[in-house]
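**Q** If you want the working numbering, it's the 1-based position in the sequence shown plus 1.
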Amino acid sequence: MTDDKKSKPFKIQIDKNEYELDNATPTARELLTLAGKTPPEHFALYLKDKGKPQRLQLDERVDLREPGVEKFVTLPLDQTEGLGAGRRQFSMPQEDADWLENLDLVYELVAEGGNPRVVIYGWPVPSGYNVDKVDVNVRIDPGYPDTQIDMVYFSPALHRVDGRAIGATSDDSFDNKIWQRWSRHRTGTNPWRPGLDSLSTHFALVDDWLARELRKG
2 MTDDKKSKPF KIQIDKNEYE LDNATPTARE LLTLAGKTPP EHFALYLKDK
52 GKPQRLQLDE RVDLREPGVE KFVTLPLDQT EGLGAGRRQF SMPQEDADWL
102 ENLDLVYELV AEGGNPRVVI YGWPVPSGYN VDKVDVNVRI DPGYPDTQID
152 MVYFSPALHR VDGRAIGATS DDSFDNKIWQ RWSRHRTGTN PWRPGLDSLS
202 THFALVDDWL ARELRKG
């Protein structure tokens with residue numbers, strides 16, 4: 002019987018970088034080394050499945066012949082122990098906590114000087130800006146979720162690649178970084194709806210702000 006594995010390498014993706022390998026059952030340690038994440042003990046490897054990302058132990062083998070086993074993501078353990086893991090300095094309502102856990106992005110709940118914010122790392126940005134992903138935070142004011150989430154903060158600062166200025170932005174210092182504040186607000190016809198609006202609906206609005214900005218002349 003002919004061995005197809007050498008003539009047809011397995012194609013995988015680690016942190017959006019593509020690799021080929023002949024071994025059908027590599028360990029997480031081997032995949033981390035392949036991706037240049039050394040020493041592997043300082044990193045975690047996750048299999049990106051349709052559900053919640055699955056962490057692989059260093060010497061655990063993964064079968065690349067199985068359907069859907071092709072995309073992986075790494076995280077440095079000196080910053081986080083898993084997707085969604087990090088600083089948890091305050092709590093959010095269960096609906097928001099569930100939404101954050103299902104994002105497939107690293108997030109933190111950071112309270113600095115009585116100023117709690119949800120920070121999400123690597124939020125996707127539409128084509129037309131200077132970056133394709135950005136760190137983003139929103140402020141959680143007292144009384145939330147009955148009180149609204151307002152505005153949004155980006156790092157690094159976003160710029161349009163066509164050189165046109167983005168209006169109503171300013172610098173904001175938080176968590177030892179300078180963020181770009183976008184002063185965007187709900188209107189009287191689109192008010193905050195207690196019991197309906199949440200992090201998920203606010204970030205849907207953020208996506209709309211990002212897309213709408215690019216449609217401006």
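Note that the Cβ used here is the ideal one computed from N, Cα and C, for glycine as well. Because the structure is a prediction, the values reported are computed rather than measured.
What do you reckon, are the CB atoms on arginine 30 and leucine 59 nearer than 7 Å?
**A** Their beta carbons are under 7 Å apart, which means arginine 30 touches leucine 59 by this criterion.
**Q** Decide if aspartate 209 is buried, meaning its Cβ has at least 16 other Cβ atoms within 10 Å, or exposed.
**A** Aspartate 209 is exposed by the Cβ-count criterion.
**Q** Within 10 Å of its beta-carbon, does glutamine 95 have 16 or more other beta-carbons around it, so buried, or fewer, so exposed?
**A** Its Cβ having fewer than 16 others within 10 Å, glutamine 95 is exposed.
**Q** Would DSSP call glutamine 181 helix, strand or coil?
**A** Correct three-state label for glutamine 181: strand.
**Q** Spatial neighbours of glutamate 113 within its chain, please: CB distance less than 7 Å, with the 5 preceding and 5 following residues excluded, ordered by chain position.
**A** Within the same chain, glutamate 113 has close Cβ partners Phe175 and Asp176.
**Q** Residues in the same chain with beta-carbon distance under 8 Å from serine 184, minus the five sequence neighbours each way, listed in chain order, please.
**A** Cβ neighbours of serine 184 beyond the five flanking positions: Met152, Ala169, Thr170 and Ser171.
**Q** Given that a residue counts as buried once 16 or more other Cβ atoms are within 10 Å of its Cβ, and exposed if not, what is arginine 165?
**A** Arginine 165 should be labelled exposed.
**Q** To the nearest angstrom, report how far apart tyrosine 20 and valine 137 are at their CA atoms.
**A** Cα to Cα, tyrosine 20 sits roughly 30 Å from valine 137.
**Q** Pick out whichever of Tyr145, Ile150 and Arg182 has its Cα sitting closest to the Cα of serine 156.
**A** Ranking the options by Cα distance to serine 156, first place goes to Arg182.
**Q** From the DSSP output, in three-state form, read off alanine 98 for me.
**A** Alanine 98 falls in the helix class under three-state DSSP.
**Q** Please confirm whether arginine 118 and arginine 89 have their CB atoms less than 7 Å apart.
**A** Not closer than 7 Å, so no.
**Q** Let me know if glutamate 82 comes out buried or exposed under the rule of 16 or more other beta-carbons within 10 Å of its beta-carbon.
**A** Below a pLDDT of 50, predicted positions are generally treated as unreliable, and glutamate 82, at 42, falls in that range; no measurement from the model is reported.
**Q** Rounded to whole angstroms, what's the CA-CA distance from threonine 28 to glutamate 71? Just pull it up for me.
**A** Taking the straight line joining both Cα atoms gives about 14 Å.
**Q** Does DSSP put alanine 112 in a helix, a strand or coil?
**A** Of the three classes helix, strand and coil, the one that applies to alanine 112 here is strand, per DSSP.
**Q** If valine 126 sits next to leucine 211, beta carbons under 8 Å apart, how far is it from one beta carbon to the other, in whole angstroms?
**A** Valine 126 to leucine 211, Cβ: 6 Å. Contact.
**Q** Helix, strand or coil for aspartate 142? Go by DSSP, reduced to three states.
**A** Three-state DSSP puts aspartate 142 in coil, outside helix and strand.
**Q** If I measure Cβ to Cβ from arginine 187 and keep anything under 7 Å in the same chain, skipping five residues before and after, which residues do I get?
**A** Result list for arginine 187: Gln149 and Trp193, in chain order.
**Q** Terminal residues of the continuous beta strand (DSSP E) containing alanine 45?
**A** Where alanine 45 is concerned, the enclosing beta strand (DSSP E) stretches over 44-48.
**Q** Is any heavy atom in the ligand FAD found nearer than 6 Å to the beta carbon of arginine 30?
**A** The model on display carries no ligand, and the ligand FAD is accordingly not part of it.
**Q** Within a Cβ cutoff of 6 Å, which residues of the same chain sit near valine 207, ignoring the five residues on either side of it in sequence?
**A** The answer, listed in chain order, is Val153.
**Q** Got a sec, what are the start and stop residues for the alpha helix (DSSP H) aspartate 172 sits in?
**A** Note, aspartate 172: premise wrong, no alpha helix (DSSP H); beta strand (DSSP E) at 170-175.
**Q** Taking serine 201 as part of the beta strand (DSSP E), name the residues at either end of that continuous run.
**A** No beta strand (DSSP E) contains serine 201, which is instead part of the alpha helix (DSSP H) from 200-216.
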